[in-house]
Each structure stands twice: as C-alpha cells, then as structure tokens.
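Here the protein sequences come in this chain order: A and B.
Position 326 of the first sequence, counted from 1, bears residue number 326 in UniProt numbering, the numbering being contiguous throughout.
Position 32 of the second sequence, counted from 1, bears residue number 32 in UniProt numbering, the numbering being contiguous throughout.
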Amino acid sequence: MFPIKEIRKDFPILSRKVHGKPLVYLDNGATSQTPIQVIDVIVDYYSNYNANIHRGVHNLSQEATDKYEEARHKIQNHFNAKHAHEIIMTSGTTESINLVAHGFASLLDKGDEIMVSALEHHSNIVPWQMLCEKTGAVLKVIHMNDEGELVLTEYSKLLSNKTKLVFVNHISNALGTINPIELIIEKAHQVGAAVLIDGAQACPHVKPDVQALNVDFYVASAHKMCGPTGVGMLYGKEAWLNKLPPYQGGGEMIADVTFEKTTYAGLPHKFEAGTPNICGGIAFGAAIDYLNAIGFDNIAAYEHELLEYATEKLMEIEGLKIYGTSKNKTSVISFNIEGIHPYDIGTILDKLGIAVRTGHHCAQPIMAYFKIPGTVRASFAFYNTKEEVDILVAGVKKAKMMLA
Amino acid sequence: MSIQDIQNDIIEEFAMFDDWEERYQYMIDLGKTLPLIDEQYKTDDYLIKGCQSKVWVHANMENNKVVFTADSDAIITKGVIAILIRVFSNQRPKDIIDANTDFIDKIGLKEHLSPTRANGLVSMIKQLKMYAFAYQTQLN
Ligand SMILES: Cc1ncc(COP(=O)(O)O)c(C=O)c1O
C-alpha cells in the first residue's frame, strides 16, 4: 500500500485553506509542492553554513562547497551520468536549453536543419528560433496526431544528413503524452544529429538513465520535482560539453584572466559563471533524495491509478472533452467543456479551493492544432488523493451548472 | 447618473448577495444575457490581448459623452465587463478620466482586476481611460 497519509504529512502547504476551503492542489505540472525534508535543508543552510562556494579558505565556505558538490553527485547518480562534471547546475530548464542553443550557434552553418516537435513548451521552441535567426539554420517540426502523439513516420522522413540537432520533451506539459524518446534518439543518431530531451515534466514521474538512453543533453527543473524554484540542471555528454563554448562570462568559470587573454575553467565550471543558487542546488539534492526514498516505481503506479480514476470520473460529465488521449501518458488531464471557456471553469474551481491551470500552458502550437483558446489542466502528483479527484469532479460539475 | 451614483447603486445591489456563489451567478447571468458589442467590432482591431480571455472594446462619442461597448469570450469576464460598462459608459470624458475603480473591491470582485489575472480587464480599464482621454483632447 502506498503510504499516502504519511506522505501528505510531509507537505505543510497541503493543510492550508483557500477561500475558506481545504486546498486541492492540482497544478503540479506548473510547480510541485515542497516537503518538510527539503524545507529543513533550506532552513539549515541559511541557519548554519551560508557562505560562497569554491573560493574561501574558511570553514563555512568549505562546508557549503562540499554540500553543493554532494548535491551535484546526487544528481549525477540519479540520472546515472558517467561523470559529475557532466552535470551543469543552472537556474532551470529554460536556462539549460538556452545554454545549449547558445553553444550551437558556433557549430551550425546556414542551411543546417534542427528539429522540434509540435508538442513543445515555448521554452523549447523560442531559444531555437533565436538560434535559427543567428545562424541561418532551418527549423523543422515533427507533427502530432489527434491523440497528441508525435507522428514518427514523418519524423523519419524529416531526418537527413542536414539534421544537426533534435529537441523534444520527454513528457508534454500540456497533454501529458510520454514521447518515445529512445526511438527518437536512436533515429537521430543514425543521421549523426545530437538530441536534447526536455525532461521538465518527466522528472517528477520517472527516473531517466541518460547513459541507457544514450542522450546527448537532458534538462530538468528542481521546482517540478519537490525542490525549490530557480534551480535546475543540464546533463551533457562530456564530449559535447567540451565542444560548446561558455555561455556566460564571469567569476567561477575562468582559469586565468589577463587583459590580453582569458582561459576558461574545465567542466562543469566553464558553464557556471557567478555565484550560483547554492542553497537551491543543495535543496535540489535533498528533493531527489526524497523522491527516491518513496521510489519512482511506487510513484508511477500510484499516479497511474489516480489518472485512470480521474479520467473515468471526468468522462462521465456530459460535454467534457479530454485533449491528449495517448495510452502513454502521465497524470495530466487537459480538458474543456463544450461551450464553456476554460478560464471560467478555472475561476469557479479556484473559488472552491481547487488549483488548476487554465490557458495555453505555454504551448500555443498545441492549442492551435486543436483550434481552442486553451484548456483546463489538472495535473496530479503522488501526494494527491482519490478524494481530491472527487472534489475536482464535483467542482467541474458545479462550474458547468453555473456557467452552462 | 454620475459615475459615483452608479457605483453606489452597484455596491448596494451586491450587498444583497450572501456568498460568492450568488455574486458569481449574478455576473454569469449578466454575461449571458447582454449583447455587449456589435459583431463587426469583434476583430483584432478592437481586441485587448488579455492572454487567457479575449476582450474587445469599442468607443464612440455621442452628445459629448463617451459610449462604450465591449465583450469577452469568457463569461465571467463578460459579467465584470457589463458592470464596468454600466459605470463608465455614457459619461463625460473628464469624469471617466477622474473615476476610480475602488468599488470593485467593495463588491468582492477585486481579484478580477489583479494585474496578474491575465483576463484583460486591467488593460480594458486602461483602454477606457485612453479613449476618454482622446475624446477629451478633441473637446478642448
Ligand atoms: C515541458 C517543459 N519545458 C520547459 C519548462 C520550463 O521550465 P522552467 O520554467 O522551470 O525553466 C516547463 C515548465 O512549465 C515545461 O513544462
């Protein structure tokens, strides 16, 4: 049995009220909540060993540095990276993607092709469009079908020796589709293209093995994995990271600086200019510990149960349509009710203490595909319950009654 | 009626509601019943990009008073628009420019006018005042 009662006690925020009603937090796709085990680490850092890292001779700085590097090792182990220096600490998925896109500016020529999927978050579209503007490279799109799955036959046809880089998400934030990234990576490698996988939505649900995947770059954000905001990671194969130029200049990332010439530090510091989010990085490590203590197999099984239950219950509501109906999906349900604007449903749900996201979910191309202004998105985490699903369903029914 | 009088009326009306549900049902019904804007103005030229819900606003001057019509694709937003139009439309430009929207707070709808709400209403009020300002300049 999944210890849901004990788990919920780990999350102080879950016992608060909103508009006088118990909070039902179903916006985990936007950001996850933080367990006390992670909050304690944050408090401990600022209470006991706050100091700048990698530069002090003094004890506090050494302690903070050790903890920070320990977090890097935790991330390395979690993703099964070969080397700790293949883990670059960033401010999150968005920065990780921008770092790689910036680096590829020096590796692409006019007419080279890079490939995105129709399922992406704007964070995994816009940096690449900027890269195309800079280099004259061409952006190709892998389209999706009505279930919200990528059309892989089309993908194979789009690939050629002009393709230099493919970037898709592991799991779609707007629809929850789990993409067949093993296949996508393998096919890209056959034509010599590198692959970046946006794992922002996947990492709260699954434990990726970057070596088994043989992926070139994998990126994630701590705040979707029970960690703090403003911190995340970039995994890159050593050979690729050595090929990319530094992203930002500053302290920490140099070996020697003179006014004539500066030489850069080795990995990972070459990509970590300036004082990082030290506390955030350490707390990220603690969040990974927390998730692993529960176990990703347990999380996946429990969330799948929630997904099936919620899907069944919501489908009983007349006029309700779910977007993203792949058999391979995580605990995300994007839906609309015929004739009702998603914003209105979200507003009524909010009054009932239920937090969902409404709108285009930073994935306007998906909304354009379905010809809708947006959806209501309920995204479940392992600390949600069937009772909360029931409250959601009752809330949607009430909203429908008021609005229809 | 002056803007202030209309606002006082609305505050009085809302005082009769017992809870949020009655308030919201009232706004939803307002949103449903009122045809607020001529279809020909539901174009990008009159659109205020509100991110989540779309808002269209049209203005013209009649007898030195500004007449507003507006609409939205989301019904609760439309309900709030109906209230705002009732307050601001058919008033002299100067009175519109000088008016405040504190009454929204008093009728328990403040959250709809939060700049982070992304429903277009804050931009809409700005737009109403800009129109009023433009017409005021014409009058001078
Ligand atoms: C699939 C996906 N990619 C990228 C991001 C951006 O993540 P962040 O804002 O943490 O950089 C998100 C966040 O919503 C996401 O869901």
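Idealized CB from N, CA, C, for every residue including glycine.
Since we're looking at a predicted model, the values are computed, not measured.
Against chain B, does residue i count as a neighbour if the rule is that its beta carbon must be under 8 Å from one of theirs?
i, result
"K351/A", "yes"
"L403/A", "yes"
"P22/A", "no"
"I366/A", "no"
"N111/A", "According to the sequence displayed, residue 111/A carries Gly and not Asn. Chain B contact via Cβ: absent."
"I348/A", "yes"
"T358/A", "yes"
"G374/A", "yes"
At a CB-CB cut-off below 7 Å, which residues of chain A make contact with residue i?
i, result
"S53/B", "H341 and Y343"
"A74/B", "H341, Y343 and D344"
Would you tell me roughly how many angstroms separate the C-alpha atoms of residue i and residue j, rounded to the nearest one?
i, j, result
"H121/A", "N8/B", "46 Å"
"G285/A", "A84/A", "13 Å"
"E308/A", "P3/A", "19 Å"
"F104/A", "R16/A", "46 Å"
"L119/A", "K65/B", "49 Å"
"Q40/B", "N60/B", "14 Å"
"L244/A", "S106/A", "8 Å"
"G20/A", "G395/A", "15 Å"
"F103/B", "I85/B", "14 Å"
"P22/A", "E63/A", "40 Å"
"M1/A", "I7/A", "12 Å"
"I125/B", "Y131/B", "10 Å"
"T263/A", "D73/B", "57 Å"
"residue 405/A", "G374/A", "What the structure shows of chain A is the stretch from 1 to 404, and residue 405/A is not part of that stretch, so it cannot be assessed."
"M402/A", "K78/B", "14 Å"
"D66/A", "P180/A", "37 Å"
"residue 410/A", "K400/A", "The displayed coordinates of chain A run from 1 to 404. Any statement about residue 410/A would go beyond what the structure contains."
"D27/A", "V219/A", "21 Å"
"residue 405/A", "T43/B", "In the structure as shown, chain A begins at 1 and stops at 404. Residue 405/A is therefore absent and cannot be evaluated."
Find the residues of chain A that neighbour residue i, judging by a C-beta separation of less than 8 Å, and give them in chain order.
i, result
"W20/B", "H19 and K351"
"Y46/B", "Under the 8 Å cutoff, chain A gives no residues; its nearest Cβ is about 17 Å from Y46/B."
Looking at chain A, is there any beta carbon in it that lies within less than 8 Å of the beta carbon of residue i?
i, result
"I28/B", "yes"
"T77/B", "yes"
"Q25/B", "yes"
Which residues mark the beginning and the end of the alpha helix (DSSP H) in which residue i is found?
i, result
"residue 144/B", "Residue coverage of chain B in this structure runs from 1 to 140, which leaves residue 144/B outside it and unanswerable."
"T137/B", "L121 to L139"
"R23/B", "W20 to T33"
"M402/A", "K386 to L403"
"T77/B", "I75 to F88"
"P35/A", "Neither: P35/A is in no alpha helix (DSSP H) and is coded neither H nor E."
"S156/A", "L152 to L158"
"D9/B", "I3 to A15"
For a contact meaning CB atoms closer than 9 Å, what does residue i contact in chain B?
i, result
"G319/A", "The contacting residues do not exist; G319/A stays about 15 Å from chain B at best."
Mind listing the chain B neighbours of residue i? Cutoff is C-beta to C-beta under 7 Å, in chain order.
i, result
"residue 405/A", "Because chain A is modelled from 1 through 404, residue 405/A falls outside the range shown and cannot be assessed."
Return the first residue and the last residue of the beta strand (DSSP E) that residue i is part of.
i, result
"N169/A", "T163 to N169"
"F68/B", "K65 to S72"
"R377/A", "T375 to S379"
"A99/B", "It is not in any beta strand (DSSP E) - A99/B carries neither H nor E in the DSSP assignment."
"E62/B", "V55 to E62"
**Prompt:** Hey, which unbroken runs of the alpha helix (DSSP H) at 4 residues or more fall wholly within the region 300-361 of chain A?
**Reply:** Runs of the alpha helix (DSSP H) inside the region 300-361 of chain A: 342-351.
field: Continuous beta strand (DSSP E) assignments of at least 3 residues falling wholly in the region 63-140 of chain A
entry: Uninterrupted beta strand (DSSP E) stretches at least 3 residues long and entirely within the region 63-140 of chain A occur at 87-90 and 113-117, given in chain order.
Practice prompt. Pick out the complete beta strand (DSSP E) segments inside the region 191-278 of chain A, 3 residues or longer, and give them in chain order.
Written response: The qualifying runs are 194-198, 217-221, 232-236, 254-257 and 262-264.
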